[in-house]
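Residue numbers (UniProt numbering): 1 to 452. Below you'll find the structure, written out as structure tokens, and then a few comments.
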Amino acid sequence: MSAHGTPIPMSSERGGPLKGEAHVPGDKSISHRSLILGALSVGETKVTGLLEGQDVLDTGKAMRAFGAEVEKRGETWHVHGVGVGGFSEPDNVIDCGNAGTGVRLIMGAMATSPIAATFTGDASLNKRPMARVTDPLALFGARAYGRSGGRLPMTILGATSPVPVRYATPMPSAQVKSAVLLAGLNAPGETVVIEREATRDHSERMLTGFGASVTTEDTPEGRVITLVGRPELKPQTIVVPRDPSSAAFPVCAALIVEGSDVLVPNIGLNPTRAGLFFTLQDMGADLTFENMREEGGEPVADLRARFSPNLKGIEVPPERAASMIDEYPVLSVVAACAEGITHMPGVKELRVKESDRIDAMATGLRAAGVAVDEGEDWWTVHGCGRGAVPGGATVKTHLDHRIAMSFLVLGMASKAPMTLDDGGAIATSFPIFEGLMTGLGARITRGATETA
């Protein structure tokens, strides 16, 4: 079943080259944070380019439930915030749909206010572990009551007298780091997060932009991020750059579909997010960065991707994983179309995303005729070579938008079509995916099929 309705079977097949410009949606990570930090500011924050996927819209609804005013007028979203510590107790359960980022960041934002809130989500989100966030939030004084295994539905009782926290993240997770920093906003003194491996730093950049005091220092024990609590956040005017995780799909499709030449404008190239593009270049991709510039404190460029007939498998550096964790599914599609073996170590975080993404991709790739080996923290794709992936499989997406889009990209280059049991989850992050890709020349259709 789809995340928000009945299943939507979809399929894709090989066609002509992909040509043109791909205007992908706004960055999902920055969109979530724009709404949350706007709600924690005093005054009106204005946001253009917001990703209007279901995940972000659910975060907007949650901010309204906590007392902020969130509305769209024309092409601009307006957020009238209530200030740090100003959240009111919601009247109803907060439904975060499929948004793992949304629910974890929102939990952090409310955990140091003396209010209670109950969170739920769709079938996929309710399977995902929340203890990685609720454990550090408990150090502030918050309490969490959920299903066994620390899963949603879950009620959070915010701390009545929060204390600052010093916390070393046990896994590389921008969501955990961000939840702790957001909780630290309403705690006195300094809240400190220590990361052994640096993760995407949108929260630090945006907190600073909204007026919080945030310092970052690289030390022998890792990256140490210090936030001074109880600032008055100042409203901002934000132009959201386009999402590099969404850009990954038209970029990777262009690399493996013969004759393609696609320009993807205005992509955010934050160094904590751009690992996929450097990995593709290491594989021999004809991928260039044009019109490099900086907008709103974030590096931005136009990406040009051309068909690359000589892609080679590589050993992906494990230290790169945090900067491309959401892109491994579509990277595995490129690896399937390359010559040789692509080994991807240090990726255990993929096991606890919207689905177990290693298992979901490995199962689907094998059904399409691609050899895959896997372990708890790694996986290896044995490339079939240019135009040689058999395809012809129907795969389960497990309500995971990135699994769905990845297999549709594979179908554009495989010998036989690829079919999804349900593509409905794509709307959570990339609602214009189908129209954008068909506009470039892809052959994507909807219709029921039998699941293999």
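Where a beta carbon is used, it is the ideal one built from N, C-alpha and C, also for glycine.
* To do: Take P188 and list the residues in its own chain whose beta-carbon comes closer than 7 angstroms to its own, dropping the five residues that flank it on each side.
  => Residue mapping note: residue 188 aligns to position 188 of the sequence shown, counting from 1. P164, G229 and R230.
* Would you report the Cα separation of C438 and S178, rounded to the nearest angstrom? -> Indexing the sequence shown from 1 puts residue 438 at position 438. Indexing the sequence shown from 1 puts residue 178 at position 178. A quick correction: the sequence has Thr, not Cys, at residue 438. Those two C-alpha atoms are separated by around 36 angstroms.
* Under 8 angstroms by Cβ, that's how I've got S245 and F307 pegged, so tell me the actual separation to the nearest angstrom. => Mapped onto the sequence shown, residue 245 falls at position 245. Mapped onto the sequence shown, residue 307 falls at position 307. Not a contact, Cβ separation roughly 22 angstroms.
* **Contact set for R196: own chain, Cβ-Cβ below 6 angstroms, skip 5 residues either direction** => One-based indexing of the sequence shown puts residue 196 at position 196. Excluding sequence neighbours, R196 sits near G222.
* Would you kindly check if the distance between the Cβ of V192 and the Cβ of E204 is under 8 angstroms? => Position 204 of the sequence shown, counting from 1, holds the residue named residue 204. Position 192 of the sequence shown, counting from 1, holds the residue named residue 192. In this structure, V192 does not lie closer than 8 angstroms to E204 by Cβ.
* State buried or exposed for T167, treating a residue as buried only when at least 16 other CB atoms are found within 10 Å of its CB. => In the sequence shown, residue 167 corresponds to position 167, counting from 1. The sequence given here has Tyr at residue 167, not Thr. Buried, because 16 or more other Cβ atoms sit within 10 Å of the Cβ of Y167.
* Whole runs of the beta strand (DSSP E) within the segment 247 to 277, excluding any shorter than 3 residues -> 261 to 268
* To do: Please go through the same chain and pick out, in chain order, the residues whose beta-carbon is closer than 7 angstroms to the beta-carbon of A452, but skip the five residues on each side of it.
  => As a working note, residue 452 is residue 452 in the sequence shown. Because A452 sits at a pLDDT of 37, beneath the cut-off of 50, its placement in the model cannot be relied upon, and the following sentence gives the value as read from the coordinates. Contacts found: A367, A393 and T394.
* To do: Quick one: grab the DSSP three-state call for S414.
  => Counting from 1 along the sequence shown, the entry for residue 414 is found at position 414. Three-state result, S414: coil.
* Can you list the alpha helix (DSSP H) stretches of 4 or more residues lying completely in the segment 142 to 224, in chain order? -> 174 to 184 and 202 to 209
* Asked: When we look at the beta-carbon of T199 and count the other beta-carbons within 10 Å, is it buried (16 or more) or exposed?
  -> Position 199 of the sequence shown, counted from the first residue, corresponds to residue 199. Buried.
* A442 by DSSP, collapsed to three states: which one? -> Locating residue 442 in the sequence shown gives position 442, where the first residue counts as 1. If DSSP states are grouped into helix, strand and coil, A442 belongs with coil.
* **Option in I432, L255 and L35 with minimal Cα separation from M206** => To locate residue 206, count along the sequence shown from 1; it is residue 206. Closest by alpha carbon: L35.
* Asked: In chain order, what residues of the same chain lie with their CB nearer than 6 angstroms to the CB of T288, ignoring the 5 residues before and after it?
  -> To locate residue 288, count along the sequence shown from 1; it is residue 288. Listed in chain order, the non-local C-beta contacts of T288 below 6 angstroms within the same chain comprise R304, local neighbours out to five positions each way being set aside.
* Alpha carbon to alpha carbon, how far is V24 from L436? Give it in angstroms, no decimals. => Mapped onto the sequence shown, residue 436 falls at position 436. Mapped onto the sequence shown, residue 24 falls at position 24. Annotation: L436 to V24 spans about 8 angstroms, alpha carbon to alpha carbon.
* Which residues DSSP lists as bridging F289, in chain order -> Numbered from its first residue, the sequence shown carries residue 289 at position 289. Assignment of beta-bridge partners to F289 by DSSP yields L303.
* 8 angstroms Cβ cutoff met for G383 and S323 -> Your numbering for residue 383 matches position 383 in the sequence shown. Your numbering for residue 323 matches position 323 in the sequence shown. No.
* From G121, R128, R151 and T169, pick the residue whose C-alpha is nearest to that of L139; which is it? -> In the sequence shown, residue 139 corresponds to position 139, counting from 1. Nearest C-alpha to L139: T169.
* Which ranges would you report for the alpha helix (DSSP H) in the segment 333 to 397 if only whole runs of at least 4 residues count? -> 357 to 367
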